[in-house]
DNA sequence: TATGAAAGACATCATGT
DNA sequence: ACATGATGTCTTTCATA
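Protein chains in written order, with full-length UniProt numbering: chain A, 1 to 160; chain B, 1 to 160.
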């Protein structure tokens, strides 16, 4: 089981905001000795509660136009074909740099997060790369126009 | 404009994998002097290409069941009401800890990424918190069952 | 598990090629 | 862009409670 006390949570929240703060700065903010903060962070890493440290890429390198695309395959007679076809779609989309995330959705669906420089390019990508896939039952596009929570995810996902 | 050379990109890719590597370790991997790496990283930060440093929370603290939920409001006669209603929905959802991301989608829609401990809890959340909202035209739920790209986004978004 | 102190490693900066 | 060295800060370890 995962057991976190208030100090652990406080440290995690601070590191989430700025993972480059020094242990002494964190110690000062939380009114604890450095050795304690160091010990806690070490434990959080060992317990894999802190999975990794990473950077968020700034706006300039991020795609301006985003959309969630739902792709549903035509349900075929042969089950095994559907399985392999979904896997093929997922693998293909995953390789594209402007496809930021791909997940299976149910037995016959795929959800992708797509980013492009402009609304036009995004529509063209959907038309020319996704809608052309054979034996699709449904393709649905939901543009992401303005985040009120979780906006940072673009800078986290975008490649360099 | 954003100008990145191969060295910048190599550094960014390394930091994306592990933002806690020391400058000397990065310098060694890339066969460059430490002073150069230090200088480049400093510039990348100043140029805001590195926007921030953060931590990814491990699996144990992540929701097991995820879904993208699309919420479309009934288009009313009065435009201004739609605007305020969408804002209200977004603000309300943003406050919930199990709603990891919220974005407006078009004039009359909202897209939310929802996480819960189980498939059942997730369905209950959608039924009891989202479908009960008045004057909705459509609520669509797409479960996220298995990522092939961008899986880390959950550990990035989840709160502590 | 928490803490204080000490030792070593590191980032940072200045200077010069 | 790269090299070197000086400086102060930070991490890490360990002994102790």
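Heads up, the beta-carbon is just placed ideally off N, CA and C, and yes, glycines get one too. All of these numbers come straight from a predicted model, not from anything done at the bench.
Query: Does any residue of chain B bring its CB to less than 9 Å from the CB of residue 137 of chain A?; Result: no
Query: Please go through the region 18 to 80 of chain B and give each complete alpha helix (DSSP H) segment of 4 or more residues, from N-terminal end onward.; Result: 23 to 30 and 34 to 46
Query: If contact means a Cβ-Cβ distance below 8 Å, which residues of the region 95 to 126 of chain A contact chain B?; Result: 99, 100, 101, 102, 103, 104, 105, 106, 109, 111 and 113
Query: Tell me which residue opens and which closes the beta strand (DSSP E) that residue 102 of chain B is part of.; Result: 99 to 105
Query: Could you tell me whether the region 94 to 105 of chain B touches the region 141 to 149 of chain A, using the rule of 3 or more Cβ pairs below 8 Å?; Result: yes
Query: What residues in the region 18 to 38 of chain B bring their beta carbon closer than 7 Å to a beta carbon of chain A?; Result: 18, 19 and 20
Query: Does the Cβ of residue 105 of chain B have 16 or more other Cβ atoms within 10 Å, making it buried, or fewer, making it exposed?; Result: buried
Query: Run the proximity test for residue 30 of chain A: is its beta-carbon closer than 8 Å to any non-hydrogen atom belonging to the ligand NAP?; Result: The ligand NAP is absent from the structure shown, which contains no ligands of any kind.
Query: Using 9 Å as the limit for Cβ to Cβ distance, is residue 56 of chain B near chain A?; Result: yes
Query: Note down, in chain order, each residue of its chain lying with its Cβ closer than 8 Å to the Cβ of residue 82 of chain B, except the 5 sequence neighbours on either side.; Result: 73, 75, 76, 107 and 108
Query: Excluding sequence positions up to five away, which residues of its chain have a Cβ less than 6 Å from the Cβ of residue 131 of chain B?; Result: 139
Query: Which one of A/20, A/21 and A/41 has the shortest CA to CA distance from residue 9 of chain A?; Result: A/41
Query: Between which two residues does the alpha helix (DSSP H) containing residue 96 of chain A stretch?; Result: Counting along the chain, residue 96 of chain A falls outside any alpha helix (DSSP H), and DSSP gives it neither H nor E.
Query: Got a sec, what are the start and stop residues for the beta strand (DSSP E) residue 110 of chain A sits in?; Result: 109 to 116
Query: Against residue 52 of chain B, what residues of chain A qualify as contacts under a CB-to-CB distance less than 9 Å, listed in chain order?; Result: 17, 18, 19, 20, 55, 56, 58, 152 and 155
Query: Using the beta-carbon of each residue, which ones in chain B are nearer than 8 Å to residue 91 of chain A?; Result: 148
Query: Considering residue 154 of chain A, what are the terminal residues of the beta strand (DSSP E) in which it resides?; Result: Careful: residue 154 of chain A lies outside any beta strand (DSSP E), inside the alpha helix (DSSP H) at 153 to 157.
Query: Taking 9 Å as the CB-CB cut-off, is residue 85 of chain A touching chain B?; Result: no
Query: Are there 16 or more other CB atoms within 10 angstroms of the CB of residue 63 of chain B, so buried, or fewer, so exposed?; Result: buried
Query: Can you find a CB in chain B that lies within less than 9 Å of the CB of residue 129 of chain A?; Result: no
Query: Counting only beta-carbon atoms, is residue 145 of chain A nearer than 9 Å to chain B?; Result: yes
Query: If you run the structure through DSSP and keep just helix, strand and coil, what is residue 160 of chain A?; Result: coil
Query: Whole-angstrom Cβ separation of residue 100 of chain B and residue 144 of chain B, contact assumed at under 8 Å?; Result: The Cβ separation is near 11 Å, so there is no contact.
Query: Figure out for me which residue from B/141, B/90 and B/11 has the closest Cα to the Cα of residue 57 of chain A.; Result: B/11
Query: Taking the straight line between their C-alpha atoms, what separation do you get for residue 18 of chain B and residue 133 of chain B?; Result: 42 Å
Query: Write down the C-beta distance between residue 49 of chain B and residue 126 of chain B rounded to the nearest angstrom, noting that I regard them as a contact closer than 8 Å.; Result: Contact flag wrong, Cβ pair sits at about 38 Å.
Query: Mapping the DSSP letters down to three states, classify residue 133 of chain B as helix, strand or coil.; Result: coil
Query: Go ahead and label residue 7 of chain B buried or exposed: buried means 16 or more other beta carbons lie within 10 angstroms of its beta carbon, across all protein chains shown.; Result: exposed
Query: Helix, strand or coil for residue 141 of chain B per DSSP?; Result: strand
Query: Nearest CA to the CA of residue 85 of chain A: which residue from A/55, A/159, A/136 and A/155?; Result: A/136
Query: Quick one: is residue 66 of chain A near chain B, going by C-beta distance under 9 Å?; Result: yes
Query: Taking the alpha-carbon of residue 29 of chain A as reference, which of A/43, A/4, A/39 and A/13 has the nearest alpha-carbon?; Result: A/13
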